[in-house]
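K.L.:
Structure below; questions to follow.
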Amino acid sequence: MPVITTPTLAIAYTDTGPREGDAVLLLHGWPDDSSTWDDVLPALHEAGLRTIVPSLRGLGETRFLAEDTPRTGNSAVLAMDAIPLMDGLGIARFMVAGHDWGSNIAEALAVGWPERVQRIAMLATPPRLGGMPTPPFEQTQRQWYHWFMATARGAQAVRDDPRGFAHVHWTNWSPAGWFDEATFARVARAFGNPDWVDVTLHSYRARWDEAAPDPASVWLEEAVKASATLSLPALYIQGAEDGVNPPSATTAVPEKFSGPFAFVTLPGVGHFPQRERPETVADLLVTLFTGDPATLSDTIYRSQDMSKFKPLLAGAALFALAAAATAAGVAQAKTAASPLTQVATFDHQVTGVAVTADGRRFVNFPRWTDDAPISVAEVLPDGKLKAYPDDTWNSWRNARANELPVGDYFVCVQSIVPDGHGNLWVLDPGAPGNEKPLEGAPKLVRIDLATNRVTKVIKVAPDVALQGTYLNDIRFSPDGKTGYITDSGTRGAIIVIDLESGKGMRALDGHGSTQIDKSVTVMTDGKPLVRPDGRQPAFSADGIAISNDGKTLYYQALTGKTLYAIDTGLLREGVSAAQQAAGVKTIAETHVADGLWMSKAGVLYITSPTNDSITRLVGDRVEPVLTDKRLRWPDTFSEGPDGRIYVTASHIQDTSWFKPGAPASLPTALFAFDPAR
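Residues 0 to 676, numbered by numbering that gives the first Met the number 0, are exactly what the sequence shown covers, in order.
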């Protein structure tokens, strides 16, 4: 590699692409090297862009000139390294794309040299504009290595095994199988730089004030802290499966940009987008760097529209590209080793999913921790969401609770299920915040899928939906005349609704099979799931499924470990409570479970929130089907006409109920997998 000498460094770099083209400075991150951009470069060159790719100080062939120069690595001093490099190449104005460390170098360049930096793309690491507050505990846990390196023992451990330290992060920050060991070995040679450890230690210590920034860079560090926003054209690329900076850690990013800006989320991608999905990243960068910024500025898309690909404030050109990028992401995800395919992502907490006989897909968003703008939506072929059946039914808001009649709008939808007779039924417990139901709000709403119109509303009577009731999920008899609902509230039960008359009754009310199991502790992430006041989740009868012949109903308390069943013939008027109790059958000892689904093939699937997995019933036991860390609280199932099983991940353990300081609106996702054979 050629080298340019600056007052401090001999910087190794590449300078490729059309010499007359607009210049793009590409900055790698940590733990990585300049080869991270290799698969992105051809598309940039084809688009007429000249690319400069340096090795940062402490990496690869870049070397300090003097032994007594402090081996500092704060982002401001790294930005200051880039200016003499570009000066040495005779490049006055340029654009920047940076990943990880490079992301923060890019913003520092934009702050310090606004007359030179034309546009920036930041990948995988959020801006530090306005300063870096101490992160919430959940994010601090992901960034354990920051604090580890601040200790003497941690620093020594990194010195003793720098390659092993870097390998841990490659493994943990992206979905399993994303890299091969030969690639890592090639990159790891860059970590053999004699200054890699010292620069690394200083970089992480300085950002938390455990070390002072390089004295020459203090002015720029302070300028970044003092800057609230940037106004130049900008792009932020987020991997939906980033293990260190997940979407939950980047919700404030759009607030940092006041000019043309796009926030792009790539499904199935972790912390290294340019390595994991280089074609998509290249397409996005070409669009940003070669498009007309005036047009981009004039057509900023400021909608919070939810889609499986989430451009949160995107210019028109980037918005159009976003759909293509998402399609590419989903297509590649289908060929990954994991049997789980991400179908869509959302800005709010999803629970229910419904897939109809003709393949239409629907989801719902309960008002638990936020005032979701849509309760029920159809997922359109391009991934966007459309309020269903219309905007009016979805117009109720917590903030307007005293203005709109709760019986005529969706209040807090928990579940949506097709009945197999051309209808989609919406189950609305009418209990915002998962608290007491609002008077008159618990209901079932039938929508004709052919006309997309509400054709029936069944208000569940107060003597059926009690004060502590929470209507959780519903299944239908094969003839479409009866609905069976689990009550997961204070006193569990199976609620039976005559869908023709609208009359309801409670069955197994207070019976042990429908109640919480007090011996069960709900565990997530290896520890008990508790609220700040020590309360554990206490959900009664929750998951529900019905046999294909309609004769057997399966159910289980979420806070439980036993799967039960009962003959549906016993769930009718005239059958005594004693007869119903005698008819309850213990099917299997399972695990903490949320959703149940009886497939067309007669296989009962069960979600396992405690370990991000799905199991199935085999005889009197359960066996694993798949485990995937993306399944943060697998919630509800549905089945497509092709037999694929859809499942939502509702991230209940990540809500502010259990993690104070968590955002009210949680990014969530819909997945699908091929049924077990």
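Backbone N, C-alpha and C fix where the C-beta goes; we use that ideal spot for every residue, glycine too.
1. For the alpha helix (DSSP H) containing Arg141, name the first residue and the last one.
2. Going by other Cβ atoms of all chains shown within 10 Å of its Cβ, with 16 needed for buried, is Glu638 buried or exposed?
3. Less than 8 Å between the beta carbons of Arg445 and Pro388, yes or no?
4. Kindly indicate which three-state DSSP category His510 falls into: helix, strand or coil?
5. Rounded to the nearest angstrom, what separates Gln413 and Pro441 at their Cα positions?
6. Specify the secondary structure class of Met0 as computed by DSSP and reduced to three states.
7. Tell me which residues share the same chain as Gly439 and place their Cβ nearer than 7 Å to its Cβ, disregarding the 5 neighbours each side in the sequence.
8. Would you call the CB atoms of Thr182 and Leu84 closer than 8 Å?
9. Since Val456 is in the beta strand (DSSP E), which residue starts that stretch and which ends it?
10. Report yes if the CB atom of Asn393 is closer than 8 Å to the CB atom of Val375, and no otherwise.
11. Leaving out the 5 sequence neighbours to the left and right, which residues in its chain are closer than 8 Å to Ala580 when beta-carbon positions are compared?
12. Can you give me the Cβ contacts of His420 inside the same chain, cut-off strictly under 6 Å, excluding the 5 residues immediately before and after it?
13. Cβ of Ala107 within 8 Å of Cβ of Leu26?
14. Look at the Cβ atom of Asp38, then the Cβ atom of Pro277, and state whether they are nearer than 8 Å.
15. Beta-carbon within less than 8 Å of Trp395's beta-carbon, same chain only, minus the 5 sequence neighbours each way: which residues are those?
16. Do Arg92 and Arg115 have their CB atoms nearer than 8 Å?
17. Based on Cα-Cα distance, which residue from Glu275, Ala400, Val456 and Ala449 lies nearest to Asp427?
18. Quick check on DSSP: helix, strand or coil for Pro527?
19. Look at the alpha carbon of Ala78 and the alpha carbon of Val167, and state the distance between them as a whole number of angstroms.
20. May I ask you to list the residues that DSSP assigns as paired with Ala109?
21. In the region 567-645, which residue ranges form an unbroken alpha helix (DSSP H) of at least 4 residues, counting only runs that do not cross its ends?
22. Going by DSSP in three states, Tyr469 sits in which element: helix, strand or coil?
23. Between which two residues does the alpha helix (DSSP H) carrying Gly87 extend?
24. In whole angstroms, what separates the C-alpha of Trp596 from that of Val196?
25. Among residues of its own chain, excluding the 5 on either side of Ser86, which ones have a beta-carbon nearer than 8 Å to its beta-carbon?
26. Whether or not the region 354-361 and the region 635-655 are in contact is what I'm after, with contact meaning three or more pairs of Cβ atoms, one per stretch, closer than 8 Å; do they touch?
27. DSSP has Ala386 in a bridge; who is on the other side?
28. Return the CA-CA distance between Thr368 and Glu19, expressed in angstroms with no decimal places.
29. Helix or strand or just coil, what does DSSP make of Asp282?
30. To the nearest angstrom, report how far apart Asp32 and Gly163 are at their CA atoms.
31. Output the distance between the C-alpha atoms of Ile644 and Ser655, rounded to the nearest integer angstrom.
32. Less than 6 Å between C-beta atoms, sequence neighbours within five positions excluded: which residues of the same chain meet that for Gly89?
33. What is the DSSP secondary structure of Arg118, reduced to helix, strand or coil?
34. Are the CB atoms of Gln348 and Leu665 within a distance shorter than 8 Å?
35. Could you work out which residue in Gly660, Ala123, Leu64 and Ile82 is closest to Trp29 when comparing CA atoms only?
36. Looking at the unbroken alpha helix (DSSP H) that takes in Trp218, where does it start and where does it end?
P.N.:
The relevant details are as follows:
1. Phe136 to Arg141
2. buried
3. no
4. coil
5. 11 Å
6. coil
7. Val405, Gly406 and Lys458
8. no
9. Arg452 to Lys458
10. yes
11. Leu507 and His510
12. Gly479
13. no
14. yes
15. Ser374, Leu403, Val405, Tyr408, Phe409 and Val410
16. yes
17. Val456
18. strand
19. 27 Å
20. Ala109 pairs with nothing; no bridge assigned.
21. 576-581
22. coil
23. Ser74 to Gly87
24. 52 Å
25. Here residue 86 is Asp; the residue named in the question, Ser, does not match the sequence. Excluding positions up to five away in sequence, the list is empty.
26. yes
27. Ala376
28. 53 Å
29. helix
30. 16 Å
31. 29 Å
32. none
33. strand
34. yes
35. Ala123
36. Val217 to Ala225
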